[in-house]
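Counting from 1, position 272 in the first sequence corresponds to residue 289 in the numbering used here; the numbering is continuous, with no gaps.
C-beta atoms are modelled at their ideal positions from N, C-alpha and C, and glycine is treated no differently.
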Amino acid sequence: MNFSTSIIRWYGFHKRDLPWRETRDPYRIWLSEIILQQTRVDQGMAYYHKFVKNYPSVEDLANASQDEVLKDWQGLGYYSRARNLHYAANQVMQEFGGEFPNNFNEILKLKGVGEYTAAAISSFAFDEAQAVIDGNVMRVLSRFFGVTDAIDSKEGKAQLVKLSKEHLNQKDPATHNQAIMEFGALQCTPVSPDCTNCPLAKGCFALANEMVADLPWKEKKTVVKPMHIAYAVFINEDSILMKQRKGEGIWEGLFDFPSIVSETPIETEHAARQLLQMRDWKDTLLSEVSEEVTHILSHRKIKARFFRINVLHKPHNIQNGEKWLTKSELAEKGIPRLIENYLKEIDWYE
DNA sequence: AACGCGGGGGC
DNA sequence: GCCCCAGCGTT
Numbered sequence: 018m019n020f021s022t023s024i025i026r027w028y029g030f031h032k033r034d035l036p037w038r039e040t041r042d043p044y045r046i047w048l049s050e051i052i053l054q055q056t057r058v059d060q061g062m063a064y065y066h067k068f069v070k071n072y073p074s075v076e077d078l079a080n081a082s083q084d085e086v087l088k089d090w091q092g093l094g095y096y097s098r099a100r101n102l103h104y105a106a107n108q109v110m111q112e113f114g115g116e117f118p119n120n121f122n123e124i125l126k127l128k129g130v131g132e133y134t135a136a137a138i139s140s141f142a143f144d145e146a147q148a149v150i151d152g153n154v155m156r157v158l159s160r161f162f163g164v165t166d167a168i169d170s171k172e173g174k175a176q177l178v179k180l181s182k183e184h185l186n187q188k189d190p191a192t193h194n195q196a197i198m199e200f201g202a203l204q205c206t207p208v209s210p211d212c213t214n215c216p217l218a219k220g221c222f223a224l225a226n227e228m229v230a231d232l233p234w235k236e237k238k239t240v241v242k243p244m245h246i247a248y249a250v251f252i253n254e255d256s257i258l259m260k261q262r263k264g265e266g267i268w269e270g271l272f273d274f275p276s277i278v279s280e281t282p283i284e285t286e287h288a289a290r291q292l293l294q295m296r297d298w299k300d301t302l303l304s305e306v307s308e309e310v311t312h313i314l315s316h317r318k319i320k321a322r323f324f325r326i327n328v329l330h331k332p333h334n335i336q337n338g339e340k341w342l343t344k345s346e347l348a349e350k351g352i353p354r355l356i357e358n359y360l361k362e363i364d365w366y367e
């Protein structure tokens, strides 16, 4: 039995029931694929249901505001996915006349859709013979066929592309793609896979050469940089001053507070003075300084402190992107986890 | 070709 | 702590 047949057989016994496997609707498949980029199935599931419910069609998604989409994406991370998803929905309406593109090359034109996602949608929805290469596939192929070059190197990637095409099941690319990803997720796991009960143990390069724990090999590691943030939390009676982040990389489009940012620690007294003088408002009172909160991103280690400042008379000379929001208005905006956690502590959220 | 971009979970 | 997760856009 060849590679693909073995994996498809395994898949028949072990596949999970996932909602996006019950449909051929390219829109829903696209939704699921964007949500699942760099995201575990368990984490993405609730978001998939939310998006299908709130945006039943690509037109509904296109007609929504970006704020609305970001709000629904809140907590899932990699927010460019949400911005691009919304943008691409408008592409479908305008460039494709409201009909979801039906082949690899056209699907690839959608913002936020790369090689992997285009292959996934075109195979799952339209049975196009395009091989997917995601983290699971890279692991399975590199172990079984023995790709010892780094998978994040030019050479390693080229080998994976070649192998994925060679071994793609041409008669049923959709099932093949689903199967190999599921196999990577459940059987050929990153850490301590159960090789004794693996249908591909015979013929596996990594197992034969005791390299299961060493493959796939990566040569680059992401560097985590420190980041210190002192937040000014201006509160006036039932309103809180929020600021939409623009062109700052992290959390673009989401709402947080006016702040001071530094790569080096910010001395508390210094931050308090500076935040209070940030605005030329009268009658402000620093009422509370939070503990330092550590928030870990993939590439940042953020240490944040919140300075709660009561403002007696609500100033209207606020800066671009800033808004005074009531609790119910705030509930409609997308905010980062770090901010959500703080707002919950001071009883300003849910 | 390299880097920035979230949040959560397993070990 | 470290690694990984149905990757992509930008430079």
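Nearest candidate by alpha-carbon position, reference residue i, set the options
i    : options                   : result
V130 : R322, V154 and Q108       : Q108
V229 : P207, Y65 and L78         : P207
V328 : A288, K344 and L302       : L302
G242 : N214, T192, I319 and T285 : Position check: residue 242 holds Lys in this sequence, whereas Gly was assumed. Of the listed residues, the one whose Cα sits closest to K242 is I319.
L404 : N80, N119 and F121        : Nothing can be reported for residue 404, as the shown portion of the chain is limited to 18 through 367.
L177 : Q187, D189, K188 and F161 : F161
S345 : S279, E367 and K188       : E367
Q83  : V240, Q91 and R100        : R100
H184 : D255, S23 and N358        : S23
L53  : D42, E39, L93 and G29     : L93
K42  : N119, C215 and S159       : Reading off the sequence, residue 42 comes out as Asp, not Lys. It is N119 whose Cα lies nearest to the Cα of D42.
Q60  : L78, F20 and W90          : W90
D34  : K182, A106, K171 and E199 : E199
Y359 : Q336, I335 and R325       : R325
For residue j and residue i, believed in contact at Cβ under 8 Å, the rounded distance
i    : j    : result
F274 : L258 : 7 Å
G201 : R156 : 5 Å
K88  : E349 : 6 Å
W234 : I150 : Not quite, the Cβ-Cβ distance comes to about 16 Å (not below 8 Å), so this is no contact.
L321 : I277 : Going by the sequence as given, residue 321 is Ala instead of Leu. With a Cβ gap of about 11 Å, A321 and I277 do not count as contacting.
L271 : I352 : 6 Å
Y95  : Q55  : 6 Å
A191 : S140 : 5 Å
G15  : Q261 : Since the first residue shown for the chain is 18 and the last is 367, residue 15 is missing from the structure and cannot be characterised.
N194 : A137 : 7 Å
K51  : R98  : Rather than Lys, the amino acid found at residue 51 in this sequence is Ile. About 5 Å; that satisfies the 8 Å criterion.
Y44  : V75  : 5 Å
K70  : Y104 : So it is not a contact: roughly 21 Å between Cβ atoms.
Q204 : W37  : In fact, because the Cβ distance is near 20 Å, the residues do not count as touching under 8 Å.
Where residue i falls: helix, strand or coil (DSSP)
i    : result
E284 : coil
Q187 : coil
S140 : helix
R98  : helix
I124 : helix
V40  : According to the sequence provided, residue 40 is Thr. The question's Val does not apply to it. The answer is coil: DSSP assigns T40 none of H, G, I, E or B.
T301 : strand
S279 : strand
G173 : helix
E50  : helix
F161 : helix
N19  : coil
Y65  : helix
Y133 : helix
N153 : helix
M198 : helix
A79  : helix
Cross-strand partners of residue i (DSSP beta bridge)
i    : result
I319 : M244 and H312
V306 : F324
Start-end ranges of the alpha helix (DSSP H) lying completely within the stretch 213-276, minimum 4 residues
222-225
Segments of 4+ residues assigned as alpha helix (DSSP H) that fall wholly inside the stretch 321-367:
344-347 and 354-362
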